[in-house]
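Asker: So the sequence shown is numbered by full-length UniProt numbering: it starts at 1 and just counts up by one.
All C-beta atoms in this analysis are idealised placements derived from N, C-alpha and C, irrespective of residue type, glycine included.
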Amino acid sequence: MHNKKEQWAVLKRLMSYLKPYRLLTFLALSFLLATTVIKSVIPLVASHFIDQYLSNLNQLAVTVLLVYYGLYILQTVVQYVGNLLFARVSYSIVRDIRRDAFANMEKLGMSYFDKTPAGSIVSRLTNDTETISDMFSGILSSFISAVFIFLTTLYTMLVLDFRLTALVLLFLPLIFLLVNLYRKKSVKIIEKTRSLLSDINSKLAEN
């Protein structure tokens, strides 16, 4: 992938595999959003306990503590279910991609298999599809979770202190610039790594 147009085209094609699993993806995103909300509420409950009940422990303080630890348990359960749903979606997509890849390979002539090293074919059907699985189950879910956390944190900060929030937002352009530089560097490194991995698999298969 040498330019943004090609990258977006590949991403769009990959996203088309999500269509059969729209409901499952929606449920996974719902649990992800719920996890983010709970994560945002926990510090507020802790802050309320410290401000109101730390020096005056009573029955209500015990209730607040129970709510605090209950939220931690609820966050763990909800996050686990969300990760489980995302994993199911990712493995289903990888299964569909591999099925389509095999179906496409059956249509190719023998000249393709004569020219293409066996290890390269194996790498595309295993390592590359496994990378796609990691993208859907890990990277995509982490990215969406980060967006949710950013929005909920931003809202909370605006409610608590508008001026401090405005000061923090001044650093956002610098952060976006650094992230963009990292993305450009990482794409080249990942492409080189995948190429080397394909070469290694080719040599192993031929030997």
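Let's see if you can read the secondary structure: which residues bound the alpha helix (DSSP H) around Asn83?
Answerer: Run containing Asn83: 59–107, per the alpha helix (DSSP H) assignment.
Asker: Going by the beta-carbon positions, is the gap between Val94 and Thr129 smaller than 9 Å?
Answerer: Yes, the Cβ-Cβ distance between Val94 and Thr129 is below 9 Å.
Asker: Can you list, in chain order, the stretches of the alpha helix (DSSP H) that have 4 or more residues and sit fully within the segment 124–151?
Answerer: Those alpha helix (DSSP H) runs which fall completely within the segment 124–151 and span 4+ residues are 129–134.
Asker: Which stretch, first to last residue, makes up the alpha helix (DSSP H) that contains Lys39?
Answerer: 22–52 is the span of the alpha helix (DSSP H), which, as asked, contains Lys39.
Asker: Using only the alpha-carbon positions, how far apart do Asn104 and Leu196 sit?
Answerer: Straight-line Cα distance between these residues: approximately 24 Å.
Asker: Determine the DSSP secondary structure at Asp161, reduced to helix, strand or coil.
Answerer: Coil, per DSSP.
Asker: For Met1 and Arg88, what's the separation of their Cα atoms in angstroms?
Answerer: With a pLDDT of 46 at Met1, under the threshold of 50, the modelled position of this residue cannot be trusted; read the value that follows with caution. C-alpha separation (whole angstroms): 27 Å.
Asker: Take Thr25 and list the residues in its own chain whose beta-carbon comes closer than 7 Å to its own, dropping the five residues that flank it on each side.
Answerer: For Thr25, where only same-chain residues beyond five positions count, the Cβ hits under 7 Å are Leu18, Val89.
Asker: Under a Cβ-count criterion, where at least 16 other Cβ atoms within 10 Å of its own Cβ denotes burial, should Thr36 be classed as buried or exposed?
Answerer: Buried, since its Cβ has 16 or more Cβ neighbours within 10 Å.
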